[in-house]
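Enquirer: Below is the structure I would like to discuss, written out as structure tokens.
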Amino acid sequence: MKRANKLFWALIAPVAAILFSLVFVSIILLIKGAQPLSTFHLILSYGSEPENIVAELNQTIAYYLAGVAAAIGFRMLLFNIGIDGQYRLAIFMAAVVGGATNLPSFLEIPLIVLTGVVVGALWASIAGYLKVKRNISEVISNIMLNTIASGLIIYMLQPSRLGLKGVNSDNLATPMIPKSGWMPTIHVFGGELYSFAFVAIGVGILYWVVLNKSVFGFNLRATGMSFRAARASGVNAPRMIFITMALSGGIAGLTGMGELLSQTHTYSLAFPTGYALTGLALALLGRNNPIGVAFAAFFWAFLEQAAPILDLNGIPKEIVMMMQGSIILSTVASYEIVKRITRRQQQRLVGAVDAPRVETDQKGEK
Amino acid sequence: MTRKPPRFISLTTKKGMPNLNLAIELKGIEKNYPGVVANHDVDISIEKGHIHAIIGENGAGKSTLMKILYGMVKPDAGTISIYGSPATIKSPQDSIALGIGMVHQHFMLADNATVLENIVLGSEPIKAKVVVDYAKARNQLQEIIDTYGLDINPDELVADLGVGGRQRVEIAKVLFRGAKILILDEPTAVLVPQEVDDLFDNLKVLTKNGLTILFISHKLDEVMAIADNITVMRHGTTVAEVKPVNTNKKQLAEYMIGGELPSPRPASTKPREEKVLVVTNASANDRTGREILHSVNLEIHAGEILGLAGVEGNGQSELIELIMGLVKPDSGSVNTVGLDTKNANLREIRDAGVGYIPQDRQRDGLLMAAPLWENRILGHQQTEPMASGLWINKGAAKEDSQRIIEEFDVRTPSNSVLANALSGGNQQKFIVGREMSGNPKMIIAAQPTRGVDVGAQAIIWDHLIEARLKGTGVLLVSADLDELFKLSDRIAVIFRGTIVDYLDPRTTTPEQLGLAMTGEKIA
């Protein structure tokens, strides 16, 4: 009963946010002269076509990892907008290392993945260091680090350095990773699903277990909730902030790894940007909960995969972006409302225990 | 614990005789927060054209009363009359409409605007429906300046003003809004003596012009100097109303503290030989190199409560940080439960058996957004039984938090309630229970009963005394003289970063202790 109540309040906020967003988008669609219901139906049916489902799942993996990276930061009140730079630099370096080595698969793949994690963590730890030692907002330093990462990658991708010119295009790319560094795909729904999905699931489980069950996770959450209380309890709070930033960057370094290992096998400037904002939005929508973020990531990938069909039917596909934007805004609002309602519920419960006895105290006093 | 009903001594107004010359009359005002005494049976009569002082210790209920008068808090019972007619004040707007103005302790002024702009802000005279009528505003302000002799220049930038000047702007601001009754909340706290004299001159001119002033303070000298009437508050109620000519500082202090001195002194046991804290000639500087602790010597034996008395800001918090290993001594040494703090961090010191009840419980003592059982782990997250190896032990935490809830009478429906849902007294009982678990060798208790209700105070005191009997050494840092006398075996007095005196609570009077706290040697 109590657990059901808790679950109800946890789910009501995202559901309300999505409903609100549907109403909002419907109004826009009506103004544009389109039928809301048929539009939603179009998105739903096109998005759930089998081959699209697989593409959505593959995209979900990357979004999910970006979301978990953002969620770890949020638990420490860190706004890791540097996920973008961390992920691109990490994938680039991983591709370079993979392209330069040719070990047996059981060594080659871990080496590539680990390179990504380490590079992401190191890049993020610059922002962490500046935050802890110099009190510089991680938002500012991360935005600058994103730009620096872009510059670094372009510089190093030059053919005279680490990159190659593509065979049939002008696109610069890293040398191909040898076959031993390829990760297999799983054939489902007539599509090829990255087996990196299992790594993503593992990261989600690890995130939950470490954060909620371990002493380290307790220290992390305590520092995020109250720096001063954590410090007074004996936690080295500045160090926890630094480590959290590095961890977030390490997981950001896994974003896009599925694509690299199972599809492109090379890093090029065609790798997408903008994972930072998406990751932050998904962590928000999924309430930093590993399962919540997974649903949010799939929902996002679904919408984006289905968007192009709208253009073919004379409806601007940007309607999907409006949907995403309004969901984020209404999520923030609805979580705050739910927080206030549940807090009031608790206070009423506490008041019921506390108040009557205070009265008797005072009577006894007089 | 039993407490006598409050005595009410009225030397100015006779009961049952209506006085039509009253600016404010409060009768039977009561305000309850769960678990905290805020106000009850508050009766105050303030005459028109008087400076009426309200004095009392921290937590005596002065600020709640002010909030009620200014409409920020709604009383549960009682009546308020303004100029003889009953009033309901639901918001500061109502209060302003009734002619009541509040001068806050912390100024609310925009630095980059002129005095005139600051004063009209929010109540601008308007001409042609859209334009601020500065000419009219200037005339009104000039009239106020001339009438009340306020030394301010309407065109000066607020950024260029000193503290005294800013305060005059604040006063002009409420006068501009038509206030006839001014509430001044600790107005002298931020002023230097010269500015205090100027303020008092200003206040006298204001009352001469028929304004009424409510002056909140805990400084007896000032109250004696300026007030026409004094109301003393203690434990949320008014206990006395006197005129300065009929009283003296000693009597006022007795009203504030509660006259008779506390009885339940801890059973006299001999402190043990073993020392839990040895501070030897320790000095420490702050980040700017200013010396904040100077050659402190302090020892606490096992089974002893050492009270640390002092006016706040004389180095108490720094001394606690020094003992906890957060600050390292620049010279001298600190040995906490056998560890030299030079080589030990706070974690190691806590794990060696130190409980810490911080002064600011909500910021330093609790994870407000976490359930109680998680708060039970805080501070013990690296040691058995709250942790086993790398993992936290949720079962043990839930079980032991339940024990604390029962033993310390923490009023909560369960141990999974968030800490921020509890009242201050219950939060504090939980913290005390947590810090006492595992029989620590030493407990640092900083203002352990500040702002908590009488019931919680009694429970916390009982447990501190019990811990002492079990052999725990307690450092009790308190601004509550009552508490220091009741619990301490010895009282150390800290003044300007050094221990200036040791007193025996059995042979010292509160007045002597008060003098020692201001740095004067007791003969």
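Quick mapping for you: the protein sequence lines, in order, are chains B and Y. The first sequence begins at -2 in the numbering used here and counts up by one. The second sequence begins at 40 in the numbering used here and counts up by one. Yeah, the Cβ is synthetic: ideal placement off N, Cα and C, and Gly gets one too.
Using a Cβ-Cβ cutoff of less than 6 Å, which residues in the same chain neighbour residue 259 of chain Y once the five nearest sequence positions on both sides are dropped?
Expert: Residue numbering aside, residue 259 of chain Y sits at position 220 when the second sequence is read from its first letter. So the qualifying residues of the chain are 288 and 291.
Enquirer: So who's on the other strand from residue 268 of chain Y, going by DSSP bridges?
Expert: Your numbering for residue 268 of chain Y matches position 229 in the second sequence. Residue pairing for residue 268 of chain Y: DSSP places it in a beta bridge opposite Y:91.
Enquirer: Mapping DSSP to helix, strand and coil, what is residue -2 of chain B?
Expert: Taking the first sequence and counting its residues from 1, the one referred to as residue -2 of chain B is at position 1. Confidence at residue -2 of chain B is low in this model, with a pLDDT of 47, below 50, so the placement of that residue should be treated as unreliable; the coordinate-derived value is given next. Of the three classes helix, strand and coil, the one that applies to residue -2 of chain B here is coil, per DSSP.
Enquirer: Going by other Cβ atoms of all chains shown within 10 Å of its Cβ, with 16 needed for buried, is residue 129 of chain Y buried or exposed?
Expert: If you number the second sequence from 1, residue 129 of chain Y lands on position 90. Label assigned to residue 129 of chain Y: exposed.
Enquirer: Looking only at C-alpha atoms, which of Y:140, Y:84, Y:79 and Y:135 sits nearest to residue 115 of chain Y?
Expert: Translated into positions along the second sequence, residue 115 of chain Y becomes position 76. Measuring from the Cα of residue 115 of chain Y, the nearest candidate turns out to be Y:79.
Enquirer: Report the residue ranges of all beta strand (DSSP E) runs contained in full by the stretch 88 to 165 of chain Y; include only those spanning at least 3 residues, in chain order.
Expert: Annotation note: the stretch 88 to 165 of chain Y contains the following uninterrupted beta strand (DSSP E) runs of length 3 or greater, listed N- to C-terminal: 90 to 94, 116 to 121, 124 to 126 and 139 to 142.
Enquirer: For residue 152 of chain B and residue 145 of chain B, what's the separation of their Cα atoms in angstroms?
Expert: Stepping through the first sequence from its first residue, residue 152 of chain B is reached at position 155. Stepping through the first sequence from its first residue, residue 145 of chain B is reached at position 148. Each residue's Cα considered, the two are about 10 Å apart.
Enquirer: Give every residue of the same chain whose Cβ lies closer than 6 Å to the Cβ of residue 299 of chain Y, excluding the five residues on either side of it in the sequence, and list them in chain order.
Expert: For the purposes of this step, residue 299 of chain Y is taken as the residue at position 260 of the second sequence. Because residue 299 of chain Y carries a pLDDT of 46, less than 50, the predicted location of this residue cannot be relied on, and the following value inherits that uncertainty. None.
Enquirer: Residues of chain B with a CB under 9 Å from the CB of residue 567 of chain Y: which are they?
Expert: Residue 567 of chain Y lies beyond the range of chain Y shown here (40 to 562); nothing can be said about it.
Enquirer: Is the shortest distance between the beta-carbon of residue 244 of chain B and the beta-carbons of chain Y less than 7 Å?
Expert: To locate residue 244 of chain B, count along the first sequence from 1; it is residue 247. Answer no: the Cβ-Cβ gap between residue 244 of chain B and chain Y never drops below 7 Å.
Enquirer: For residue 122 of chain B, which residues from the same chain have a beta carbon less than 7 Å from its beta carbon, with the 5 sequence-adjacent residues on both sides left out?
Expert: The residue you call residue 122 of chain B lines up with position 125 of the first sequence. Answer for residue 122 of chain B: 239, 242, 243 and 246, listed in chain order.
Enquirer: Cβ of residue 103 of chain Y less than 7 Å from any chain B Cβ?
Expert: Start at 1 with the first residue of the second sequence, and residue 103 of chain Y comes out as number 64. It does not: the Cβ of residue 103 of chain Y has no partner Cβ on chain B nearer than 7 Å.
Enquirer: Compute the Euclidean distance between the alpha carbons of residue 142 of chain Y and residue 224 of chain Y, then round it to the nearest angstrom.
Expert: Within the second sequence, numbered from 1, the residue matching residue 142 of chain Y stands at position 103. Within the second sequence, numbered from 1, the residue matching residue 224 of chain Y stands at position 185. The straight-line gap from Cα to Cα measures roughly 6 Å.
Enquirer: Pop quiz: residue 332 of chain Y and residue 536 of chain Y are said to be a contact at Cβ under 8 Å. What is the actual Cβ separation, rounded to whole angstroms?
Expert: Translated into positions along the second sequence, residue 332 of chain Y becomes position 293. Translated into positions along the second sequence, residue 536 of chain Y becomes position 497. Rounded, the Cβ-Cβ distance is 5 Å, consistent with contact.
Enquirer: Cβ closer than 7 Å: which chain Y residues qualify as neighbours of residue 344 of chain B?
Expert: Locating residue 344 of chain B in the first sequence gives position 347, counting from the first residue. 460, listed in chain order.
Enquirer: Tell me which residues of the stretch 102 to 134 of chain B have at least one Cβ-Cβ distance to chain Y shorter than 9 Å, keeping chain order.
Expert: none
Enquirer: For residue 178 of chain B versus residue 109 of chain B, is the C-beta distance shorter than 7 Å?
Expert: Taking the first sequence and counting its residues from 1, one reaches residue 178 of chain B at position 181. Taking the first sequence and counting its residues from 1, one reaches residue 109 of chain B at position 112. Yes, the Cβ-Cβ distance between residue 178 of chain B and residue 109 of chain B is below 7 Å.
Enquirer: Please compile the residues from chain B whose C-beta is within a distance smaller than 8 Å of the C-beta of residue 500 of chain Y.
Expert: As a position in the second sequence, residue 500 of chain Y is number 461, starting the count at 1. Within 8 Å Cβ-Cβ: nothing; residue 500 of chain Y doesn't reach chain B, min ~15 Å.
Enquirer: What three-state label does DSSP hand residue 254 of chain Y in the structure shown?
Expert: For this step, residue 254 of chain Y is matched to residue 215 along the second sequence. Strand.
Enquirer: Please list, in chain order, the chain Y residues whose beta carbon lies closer than 8 Å to that of residue 42 of chain B.
Expert: Within the first sequence, numbered from 1, the residue matching residue 42 of chain B stands at position 45. Those do not exist, as residue 42 of chain B stays about 43 Å from chain Y at its closest Cβ, beyond 8 Å.
Enquirer: I'd like to confirm the pairing. Which residues does DSSP put opposite residue 545 of chain Y in its beta bridges?
Expert: For the purposes of this step, residue 545 of chain Y is identified with residue 506 of the second sequence, where counting begins at 1. Residue 545 of chain Y is not bridged to any residue.
Enquirer: Under the rule that 16 or more other beta-carbon atoms within 10 Å means buried, what is residue 403 of chain Y, buried or exposed?
Expert: Taking the first residue of the second sequence as position 1, residue 403 of chain Y is located at position 364. That one is buried.
Enquirer: So what's residue 290 of chain B in DSSP terms, helix, strand or just coil?
Expert: Within the first sequence, the letter at position 293 stands for residue 290 of chain B. DSSP places residue 290 of chain B in helix when its eight states are reduced to three.
Enquirer: Quick one: what's got a C-beta closer than 7 Å to residue 250 of chain B's C-beta in the same chain, skipping five residues either side?
Expert: If you number the first sequence from 1, residue 250 of chain B lands on position 253. Correct list, in chain order: 83, 84, 87, 113, 114, 116, 117 and 118.
Enquirer: Kindly confirm or deny that the stretch 182 to 189 of chain Y and the stretch 200 to 216 of chain Y touch, where touching means at least three C-beta pairs closer than 8 Å.
Expert: A contact exists between the stretch 182 to 189 of chain Y and the stretch 200 to 216 of chain Y.
Enquirer: Taking the beta carbon of residue 280 of chain Y as the centre, do at least 16 other beta carbons fall within 10 Å, making it buried, or is it exposed?
Expert: Within the second sequence, numbered from 1, the residue matching residue 280 of chain Y stands at position 241. With 16 or more Cβ atoms within 10 Å of its Cβ, residue 280 of chain Y is classed as buried.
Enquirer: Any idea what DSSP makes of residue 332 of chain Y, helix, strand or coil?
Expert: For the purposes of this step, residue 332 of chain Y is taken as residue 293 along the second sequence, with counting starting at 1. The answer is strand: DSSP assigns residue 332 of chain Y an E or B state.
Enquirer: Just tell me which of Y:460, Y:163, Y:336 and Y:465 has its CA closest to the CA of residue 539 of chain Y.
Expert: The sequence position of residue 539 of chain Y within the second sequence is 500, counting from 1. Nearest option by C-alpha distance: Y:336.
Enquirer: Consult DSSP for residue 407 of chain Y and reduce its assignment to one of helix, strand or coil.
Expert: Counting from one through the second sequence, the residue named residue 407 of chain Y turns up at place 368. Residue state, collapsed to three classes: coil.
Enquirer: Out of Y:482, Y:326 and Y:547, state which residue places its alpha-carbon closest to the alpha-carbon of residue 393 of chain Y.
Expert: Within the second sequence, the letter at position 354 stands for residue 393 of chain Y. Closest by alpha carbon: Y:482.
Enquirer: Taking the continuous alpha helix (DSSP H) assigned at residue 275 of chain B, which residues delimit it?
Expert: To locate residue 275 of chain B, count along the first sequence from 1; it is residue 278. From DSSP, the alpha helix (DSSP H) with residue 275 of chain B extends over 272 to 282.
Enquirer: When Cβ atoms are compared, which residues of the stretch 414 to 426 of chain Y fall closer than 7 Å to chain B?
Expert: 416, 417, 418, 420, 421 and 426
Enquirer: Name the residue from B:186, B:19 and B:154 whose alpha carbon lies nearest to the alpha carbon of residue 318 of chain B.
Expert: Within the first sequence, residue 318 of chain B is the residue found at index 321, counting from 1. Of B:186, B:19 and B:154, the residue nearest in Cα terms is B:19.
Enquirer: Could you work out which residue in Y:150, Y:276, Y:262 and Y:341 is closest to residue 602 of chain Y when comparing CA atoms only?
Expert: There is simply no residue 602 of chain Y to check, as chain Y begins at 40 and stops at 562 in what is shown.
Enquirer: Which one or two residues does DSSP pair with residue 346 of chain Y in a beta bridge?
Expert: Taking the second sequence and counting its residues from 1, one reaches residue 346 of chain Y at position 307. In DSSP, residue 346 of chain Y forms a bridge with Y:515 and Y:530.
Enquirer: Between residue 430 of chain Y and chain B, is the shortest Cβ-Cβ distance under 7 Å, so that the two count as touching?
Expert: Indexing the second sequence from 1 puts residue 430 of chain Y at position 391. Yes - at least one Cβ of chain B is within 7 Å of the one on residue 430 of chain Y.
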